[in-house]
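Protein chains: 2
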Amino acid sequence: MGMPKTPALTTDCVIFDNTGRVLLIRRKNGPFKDSYALPGGFVDIGETLEAACRREVHEEVGIELGDLSLVGVYSDPKRDPRGHTVSVAYLALLSLVVPPRAGSDAEGAELIKDWRKLSLAFDHAMIIGDAERLAARQLAR
Amino acid sequence: MGMPKTPALTTDCVIFDNTGRVLLIRRKNGPFKDSYALPGGFVDIGETLEAACRREVHEEVGIELGDLSLVGVYSDPKRDPRGHTVSVAYLALLSLVVPPRAGSDAEGAELIKDWRKLSLAFDHAMIIGDAERLAARQLAR
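One line per chain: the protein sequences are A and B, in this order.
Residue numbers for the first sequence follow our numbering, beginning at 1 and rising by one.
Residue numbers for the second sequence follow our numbering, beginning at 1001 and rising by one.
Here it is in structure tokens:
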């Protein structure tokens, strides 16, 4: 039995450092070329979502992540101008500040405090807001 | 730009009634033909995950769901013998007991208390366990 065609699956990662800054890249390619965005990308067949998230973050900003927490699943059919992509977003907290370096698909990588003032790619502003609430709940425990 | 090939996307729904029973179907088709399973299925291009979950539950057991909560994302490449499928699982709580009726892809639909004694399809036992913990946290609030 063949598999039906379903939306393309991606993952994005919200990485906060211990001062509340979020790690953003500048997109090298379209859509949203040059916009700030979360590190992330398409999931390969044969890898888990968490492995895809770690791989994309390592490729794009050179960081090896520790624990990941599920933030949410973002599936609005209009969220990506290329077609219907669904993103599974994770949260990672950096205990020490690692200077990020831009890798594949990223023009630059920066830890940014005032992300609400930026124009972010896709629905990444919504994802970061959701991740901030999750991080606050985790830190309150 | 074409979309890369990614794992197939599915959704499953854990529906508890107010006595803690979970709504399970008997699978009409393979894989896991005749096993108990959560209602669910493949996500269509153009629909959100939540809409796909509601549609599958309506098709399979004839119930219109209220609020959905995200339980988790299940992406082990070996979880489905057909190939790599990723399931986004939701929790729904029934406030009144609606007798389920079996619809498409389901031989039967039952509210079952002792689901741990059954042999369930895919990783659905793990999903129900995770959903039980989420429901307990929600009810404790």
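No residue lacks a Cβ here, since even glycine has one placed at the ideal position from N, Cα and C.
Quantities reported herein were computed from a predicted structural model and do not represent experimental measurements.
Euclidean distance between Cα positions of residue i and residue j
i, j, result
"B:P1117", "B:Y1036", "Sequence check: residue 1117 of chain B is Lys here, not Pro. Spanning the two alpha carbons is a distance of roughly 11 Å."
"A:P4", "A:A102", "36 Å"
"A:L93", "B:G1108", "45 Å"
"B:A1121", "B:T1006", "23 Å"
"B:G1083", "A:R26", "34 Å"
"A:Q138", "A:I15", "14 Å"
"B:K1113", "A:L96", "47 Å"
"B:G1002", "A:T10", "14 Å"
"B:E1047", "A:H124", "19 Å"
"A:G41", "B:D1080", "23 Å"
"B:V1043", "B:T1085", "11 Å"
"B:G1030", "A:A136", "44 Å"
"A:K28", "A:R55", "18 Å"
"A:L91", "A:P100", "17 Å"
"B:R1141", "B:S1087", "27 Å"
Contacting residues, own chain, Cβ-Cβ under 7 Å from residue i (five flanking each side not counted)
i, result
"B:W1115", "V1022, L1024 and I1128"
"B:S1104", "E1059 and E1060"
"B:S1119", "S1035"
Cβ neighbours of residue i in the same chain (closer than 6 Å, five flanking residues each side left out)
i, result
"B:A1089", "D1012, V1071, G1072 and I1127"
"B:N1018", "none"
"A:V57", "C13, P39, I63 and L65"
"A:L111", "D17, R21 and L23"
"B:F1032", "A1121"
"B:A1008", "T1085"
Cβ shell of residue i (< 8 Å), same chain only, five flanking positions each side left out
i, result
"B:I1045", "none"
Short CB-CB distance (under 9 Å) between residue i and chain E
i, result
"A:I45", "This model lacks chain E altogether; the protein chains it does include are A and B."
* Asked: If you pair each beta-carbon of the region 1065–1076 of chain B with each one of the region 40–53 of chain A, do three or more pairs fall below 8 Å?
  -> At 8 Å Cβ cutoff, the stretches touch.
* To do: Check whether the region 1052–1072 of chain B touches the region 127–136 of chain A, taking contact to mean three or more Cβ pairs, one atom from each stretch, closer than 8 Å.
  => Touching, no, given that fewer than three Cβ pairs across the two stretches are closer than 8 Å.
* Asked: Using a beta-carbon distance cut-off of less than 8 Å, what residues from the region 26–42 of chain A approach chain B?
  -> Answer set for the region 26–42 of chain A: G30 and F42.
* Going along the region 61–88 of chain A in order, which residues come within less than 8 Å of chain B, judged by CB to CB distance? -> Within the region 61–88 of chain A, the qualifying residues are L70, G72, V73, S75, D76, P77, R82, G83, H84, T85, V86 and V88.
* Can you check the region 61–101 of chain A for any beta strand (DSSP E) of at least 3 residues that lies completely inside it and give the ranges in chain order? => If we require 3 residues or more, the beta strand (DSSP E) runs fully inside the region 61–101 of chain A come out as 69–74 and 85–93.
* **Within 7 Å of chain A by C-beta, residues of the region 1048–1062 of chain B in sequence order** => If the cut-off is 7 Å between Cβ atoms, the region 1048–1062 of chain B has T1048 and L1049 near chain A.
* Residues of the region 1001–1017 of chain B with Cβ closer than 7 Å to any Cβ of chain A, in chain order -> Of all residues in the region 1001–1017 of chain B, only M1001, M1003, P1004, K1005, T1006, P1007, A1008 and L1009 come within less than 7 Å of chain A when Cβ atoms are compared, listed by chain position.
* **Runs of beta strand (DSSP E) wholly within the region 36–60 of chain A (minimum 3 residues, chain order)** => Runs of the beta strand (DSSP E) spanning 3 or more residues and lying entirely within the region 36–60 of chain A occur at 40–42, in chain order.
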